[in-house]
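This report refers to the structure that appears directly beneath it.
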Amino acid sequence: MAVTALRGLVRKELRGAFLGVRNMASEVEVPKYQYETLKVTTEAKHVLHVEINRPEKRNAMNKSFWSEMVLCFRAISDDPDCRVVVISGAGKMFTSGIDLMDLGSDFIQPRDTDTARTAWELRRKISTYQESFSVIEKCPKPVIAAVHGGCIGGGVDLISACDIRYCTQDAWFQVKEVDIGLAADVGTLQRLPRIIGSMSLVNELALTARKMMANEAESSGLVSRVFPDKSALLLAAFDLASEIASKSPVAVQGTKVNLVYSQSHSVQESLDYMVCWNMSMLQTDDVLKSAQALLEKKSVKDVTFSKL
1 MAVTALRGLV RKELRGAFLG VRNMASEVEV PKYQYETLKV TTEAKHVLHV EINRPEKRNA
61 MNKSFWSEMV LCFRAISDDP DCRVVVISGA GKMFTSGIDL MDLGSDFIQP RDTDTARTAW
121 ELRRKISTYQ ESFSVIEKCP KPVIAAVHGG CIGGGVDLIS ACDIRYCTQD AWFQVKEVDI
181 GLAADVGTLQ RLPRIIGSMS LVNELALTAR KMMANEAESS GLVSRVFPDK SALLLAAFDL
241 ASEIASKSPV AVQGTKVNLV YSQSHSVQES LDYMVCWNMS MLQTDDVLKS AQALLEKKSV
301 KDVTFSKL
């Protein structure tokens, strides 16, 4: 028992040390991505790390966060140097969700305001907040969520818009909105049923606001892998991102765009869309480069693909 515990401790320390060395060697802040609530760095070739960076506030989502998410991911969508994104949270948890102290006044309307005009104003605001996470889904670059600690309220909305989700053993997820008197309105109720296989479980989580722990998140399909700690989580997320980034960006981005399209369209509509997509994309040189590498028994990682 003692030997096993010691080995586990040594492995943990080595992972932490390795991540520290890797960060010193590869983490570089990107000048064009300067934000108040987000820290954007390059972790590997063609890989960006977007970190929610309000650790002193448990990464609560204030007004700046909601607008900066849109600015950040629209810029990433058009950045030819970026092929994959990893999003995580600084400090002790992924995010505590909406910053009620900062955003509460946004939804308090004067009582003497015309009801219809109040409704239109709230409609505009809610739609604006929805775009802060829909922009992740619209981004053609794959986005990997790396969750540690709590992922509460708006955090579940955020990761539901991501393409791949990893977490730590101490991670937990909570659709918190019903406890503060509202229905989740920025993506969870629309995306979570597509991710988790059981509608009964989705209903239970959304109607009770109970916590879902990491093992249940994995078994239900919310996350695909669970790691012992944050160091191991980030190493795995960056390794996965690097692997995806080594492949043809034409193929990778085309795959994401078509997967997203198929979620809200019939099989036949999606097949028709794929025909229109690949009648152009199959003309890329990337197909010939990849095929040549396979014929020569080389790794696709050795192929140089042009920026997209």
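This note's numbering numbers the first residue of the sequence shown as 1 and each following residue consecutively.
Glycine is no exception: its CB is placed at the ideal position from the N, C-alpha and C atoms.
- Rounded to whole angstroms, the separation of the alpha carbons of S242 and E27 is 14 Å.
- Remark: three or more beta-carbon pairs, one from each stretch, lie closer than 8 Å, so the segment 128-145 and the segment 247-260 are flagged as touching.
- Residue burial is scored here from C-beta neighbours: H265 has fewer than 16 other C-beta atoms within 10 angstroms and is therefore classed as exposed.
- Burial is judged here by how many other beta carbons sit within 10 angstroms of a residue's own beta carbon; D157 has at least 16 and is buried.
- Assignment of L222 by DSSP, reduced to helix, strand and coil, places it in the coil class.
- If you draw a straight line from the Cα of V47 to the Cα of V147, it is about 18 Å long.
- With the rule of 3 Cβ pairs closer than 8 Å, the segment 213-222 counts as touching the segment 181-200.
- DSSP lists T41, V86 as the beta-bridge partner residues of H49.
- The beta carbon of E36 sits closer than 6 Å to those of S64, all from its chain and outside the five residues before and after it, given in chain order.
- Within its own chain, the residues whose Cβ lies closer than 6 Å to the Cβ of K307, once the five positions on either side in sequence are excluded, are P80, listed in chain order.
- In chain order, V156, D157, S160, V175 place their CB closer than 6 Å to the CB of T188, counting only its own chain and leaving out the 5 sequence neighbours on each side.
- When C-alpha distances from F133 are compared across C82, L103, L71, T168, the shortest belongs to L71.
- A straight-line Cα-Cα distance of about 21 Å links A291 and M274.
- Using a C-beta cut-off of 8 Å, the segment 224-243 makes contact with the segment 164-178, since at least three inter-stretch Cβ pairs fall below that distance.
- For M93, the CB contacts under 6 Å within the same chain, skipping 5 residues up- and downstream, are R58, G149, G150 in chain order.
- Annotated as distal: F73 and I126, with beta-carbon spacing of 7 Å or more.
- CA-to-CA, the gap between K289 and Q283 works out to about 12 Å.
- The alpha-carbon separation between L205 and V178 amounts to approximately 10 Å.
- One thing to note: T95 has its Cβ within 7 Å of the Cβ of I52.
- D185 has its alpha-carbon roughly 41 Å from the corresponding atom of K301.
- Among the bridge pairs identified by DSSP, R165 is matched with A145.
- For V30, no alpha helix (DSSP H) segment is defined; the enclosing uninterrupted segment is the beta strand (DSSP E) at 28-34.
- Secondary structure of C72 (DSSP, three-state): helix.
- Rounded to the nearest angstrom, the gap between the Cα atoms of K298 and A209 is 50 Å.
- Linking W277 to S248 through their CA atoms gives a straight-line distance of about 16 Å.
- For Q174, the enclosing beta strand (DSSP E) begins and ends at 172-174.
- The alpha helix (DSSP H) runs lying completely inside the segment 214-269 and spanning 4 residues or more are 214-220, 230-245, 249-263, given in chain order.
- The continuous beta strand (DSSP E) containing I152 extends over residues 150-152.
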